[in-house]
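For reference, the structure discussed in these notes is given below.
2 protein chains.
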Amino acid sequence: MGVSAGIVVTGTEVLTGRVSDRNGPWLAEQLRLLGVDVGQIVVVGDRPDDLRTALQFLASGNDLVITSGGLGPTADDLTAEIVAQVQGRPVRLDQELEQRITAIVEVLSARFGGLRDPESTAIATRKQAMVPEGASVIEPAGTAPGLVVPVAPGRAGPPVIVLPGPPWELQQMWPVAAATAQVQSVLVGAPELRQHTLRLWAVPESELAATLRRSDGGLDGLEITTCQRGGELEIVSRYAPEAEVAQQRLVSAVQEDFPEQLFSLGPSIDELVAAALRERHWTVAVAEVATGGALSARLAGGQLLGGLVVPTESALTTLAGVPAELIAASGPMSPEVARLMAEGARTAFGADVGLGVTGIADLPGSPSTVHLSVVTPDRALARSLVVAGPAGIMRDRVGPVALHLLRQALAGSG
Amino acid sequence: MGVSAGIVVTGTEVLTGRVSDRNGPWLAEQLRLLGVDVGQIVVVGDRPDDLRTALQFLASGNDLVITSGGLGPTADDLTAEIVAQVQGRPVRLDQELEQRITAIVEVLSARFGGLRDPESTAIATRKQAMVPEGASVIEPAGTAPGLVVPVAPGRAGPPVIVLPGPPWELQQMWPVAAATAQVQSVLVGAPELRQHTLRLWAVPESELAATLRRSDGGLDGLEITTCQRGGELEIVSRYAPEAEVAQQRLVSAVQEDFPEQLFSLGPSIDELVAAALRERHWTVAVAEVATGGALSARLAGGQLLGGLVVPTESALTTLAGVPAELIAASGPMSPEVARLMAEGARTAFGADVGLGVTGIADLPGSPSTVHLSVVTPDRALARSLVVAGPAGIMRDRVGPVALHLLRQALAGSG
């Protein structure tokens, strides 16, 4: 049945949504690349009992457990201690590690104007240098070391990899943890686990259900999940190499039923638009209102020559070049204004392709119509949609529509 | 010990990070407002066994379990069925519900150009209208109904609230689910649970540890968690009303030790900057490179008159008004260029306050220095920082620095 792992993400800040977790999914994807299947991610607050029961829950069905977070210097950071207890391993001070952390902290503190309180820093450092007996230490990428903690001799249970919460640190330290002998011995049995994604535009999930039902039997060996969001429908299959034939059958069935709507056999819409622009050696510029700068940010780097965020009539006129008379006649939200915004962005930055998006930034919740326009050297496309909801929802809905309009305009151009 | 709840978020797309979960934290906060404590959020893929073990795990220690997702029309959406099994409740077709869903689906399909495959849609709708015996139905906000499923008579266990995955639908349906008699009877015992946040700027977590240690004993009854990110240090306490005195003691201790660095007793930096601008009746404009439009998006609505994304020298010159000679002399990344970008944004949009941010958008990973400048009608402040990492990391690091620079400039102005 292969090798499986469970992930614990700690931190009340994650549990309460003040910080959104990126570590669990990132680790799940790294593990998949190693052939390890992740069935559960558990998010717990900084409480000893909640962490303990989560570790015990995941230990019972998995070959490996990974934790993220809870390695900081304050008293609520208690992952290392609880993992040691669960694994039946006493902790000891690693004096050399303590010295290495001290050196790191001194460098960091200098940025904040030097150590205010050397004594409390020493206590904090000592806490971070406590290592369970028999554990491997993963050197810190920030200040907190990671650990690989095997279960105590004579007891059954998977090893636990302990990593810090900041994503950048965790990502640097993961390969080192994965390379330890304790983890490698678990990975020995992991088979290849493939993953493939099909992406459709403007297809309701219920229609896809019919395609999948018709192909049933022929798709044995594929674990298929579908997900609809922002107008896109994503079909992800995970499978062992033996099921590659079934996967090809799935691709053919979807191609046959949705020839127009299947827009990608893998890459995201952002990647496809960036590649289409590069291929044509075309640059792009944006003039936006409803998305408040988020579309520029999404296209940033690569072929973006610039962006204009023009939420006022005066900015629409002076910067995006939309005539004041047109705004007076049609209002600041009309297909014509979107078209002139796209043209205005092209002109202002000297870009080949222009994207214009009208609307209201930071909409309080009542429905509003957003007009979009894409202008390339040889054609222009337009789209309008009605959106309700706060600013975040609006960006989630308008962003994909804008990128698909760009994709469609580029597909027929150049 | 109060009332506790566990949350299950389903969906392979969440487990693998293709969609980041907003429902778990949102539900945790709604439950806290009702006095219910959430100890764990479990994320599982669309597999019957993984969902079943997660439900059993959470049922054992909680008074209430909530699920999000897995109510769609495809075969991998199986939450309602598994919850019914775990609660020991057979499912039956609710024909009236089936008719109501059919009516909704017909309206939605019209947007996609009508039903392509009425038969498959009928099967999908019937699947969504299967209701466990004794369950309350929560009317759909999209197409999927929610459920409140009590445990079968004679068995022990908490009721399970079943809600759909799209955040907008879940948020509309939650109040209805919470108002059902089954959930209200659980909430009866819930006490008031307060939460308070202190925010510090540029304080290392280890320094705060000393303050907390010194106040220890005086802080009994507070559950304190601290979290450092992007230069901010957040201290969140959760407590029963009896511990209000301890909370005041915490606030005083932090005020005393960090009078300069404590910038908020609650609101986020974004809220504080927006309020400071409103209070002075000042507008703001942005010229940015490294953040690619993300700073405009963060300030959008309210007092933002506009934004310029100017990643090329030509755009810097023509739109932000930075003289080509200066760029030739100092390069496109210098404190002088940042200052002129801030001035240029003020001029271009006629704003009171200008923010300029240099750098490289979509940086591939090598360290780069980003210069920031804020210009108000009566002063100018500058900051520089070295950032390494991909575009997302860069925005995470530069965003808070820019907002705190705005805060500091506004605090001394006007």
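Chains as they are written, first to last, in this note's numbering: chain A, 87 to 500; chain B, 87 to 500.
Even glycine gets a Cβ: it sits at the ideal position worked out from N, Cα and C.
CB of residue i within 8 Å of CB of residue j, strictly
i	j	result
A514 of chain A	V460 of chain A	Chain A is shown from 87 up to 500; residue 514 of chain A falls before or after that span and cannot be answered.
G147 of chain B	V237 of chain B	no
L412 of chain A	L394 of chain A	no
T444 of chain A	M480 of chain A	no
G304 of chain B	R280 of chain B	no
L164 of chain A	D132 of chain A	yes
L144 of chain A	V122 of chain A	no
D464 of chain B	T369 of chain B	no
A424 of chain A	A386 of chain B	no
A276 of chain A	L120 of chain A	yes
P245 of chain B	V217 of chain B	no
G347 of chain A	V289 of chain A	In the sequence under discussion, the amino acid at residue 347 of chain A is Gln, which differs from the Gly named in the question. In this structure, V289 of chain A lies closer than 8 Å to Q347 of chain A by Cβ.
R315 of chain A	V100 of chain B	no
G317 of chain A	P486 of chain A	yes
I127 of chain B	V129 of chain A	yes
F349 of chain B	R493 of chain B	yes
P204 of chain A	A230 of chain A	no
Secondary structure of residue i, DSSP reduced to three states
i	result
W254 of chain A	helix
S292 of chain A	helix
V396 of chain A	coil
E219 of chain A	coil
L441 of chain A	strand
R133 of chain A	coil
W368 of chain B	coil
I446 of chain A	coil
F435 of chain B	helix
T266 of chain A	coil
T102 of chain A	coil
S350 of chain B	strand
R384 of chain B	helix
L164 of chain B	coil
R186 of chain B	helix
Among the options, nearest to residue i - alpha-carbon criterion
i	options	result
R285 of chain A	A:I247, A:V269 and A:L351	A:L351
W287 of chain A	A:P252, A:Y325 and A:Q341	A:Q341
S292 of chain B	B:L319, B:L412 and B:Q185	B:L319
A434 of chain B	A:H457, A:S400 and A:A415	A:S400
A373 of chain B	B:L336, B:P453 and B:L458	B:L458
A589 of chain B	B:D438, B:G158, B:V473 and B:I247	Residue coverage of chain B in this structure runs from 87 to 500, which leaves residue 589 of chain B outside it and unanswerable.
I224 of chain A	A:S354, A:L471 and A:I187	A:I187
A477 of chain B	A:Q494, A:S382, A:A242 and A:A332	A:S382
L273 of chain A	A:A329, A:R118 and A:V408	A:R118
A227 of chain B	B:Q214, B:E255 and B:I247	B:E255
T207 of chain B	A:A296, A:P252 and A:R366	A:A296
T153 of chain B	B:R108, B:Q185, B:V89 and B:A189	B:R108
W112 of chain A	A:W260, A:G243, A:E205 and A:S195	A:W260
S222 of chain A	A:E330, A:Q257 and A:A170	A:A170
L391 of chain A	B:T403, B:L194, B:Q389 and B:V191	B:T403
Proximal residues of chain A, C-beta to C-beta of residue i below 7 Å
i	result
R315 of chain B	V105
I310 of chain B	D162
Chain-ordered neighbours of residue i on chain A, where CB pairs are closer than 9 Å
i	result
T207 of chain B	P290, S292, E293, A295 and A296
T139 of chain B	G125, Q126, F143, S146 and G147
In DSSP terms, what residue i is bridged to
i	result
I479 of chain B	Note: I479 of chain B sits in no beta bridge, so no partner.
S454 of chain A	A:V473
I93 of chain B	B:I127 and B:I152
H282 of chain B	B:S323
V331 of chain A	V331 of chain A pairs with nothing; no bridge assigned.
W287 of chain B	B:E318
Listed by chain order, chain A residues near residue i by CB distance under 8 Å
i	result
W254 of chain B	G475 and I479
L492 of chain B	Those do not exist, as L492 of chain B stays about 15 Å from chain A at its closest Cβ, beyond 8 Å.
S452 of chain B	Result: empty, since nearest Cβ-Cβ is about 14 Å, beyond 8 Å.
7 Å Cβ cut-off: residues of chain B touching residue i
i	result
T98 of chain A	T311 and V322
D203 of chain A	E293 and A296
E115 of chain A	T102 and G103
W112 of chain A	G103
I127 of chain A	L101 and V129
G121 of chain A	Those within 7 Å of G121 of chain A in chain B number zero; the least Cβ separation is about 15 Å.
D149 of chain A	Per Cβ cutoff of 7 Å: no residues; D149 of chain A is ~15 Å from chain B at best.
9 Å Cβ cut-off: residues of chain B touching residue i
i	result
R133 of chain A	G125 and E309
Chain B contact residues for residue i, given Cβ-Cβ distances below 8 Å
i	result
T398 of chain A	L391, G392 and F435
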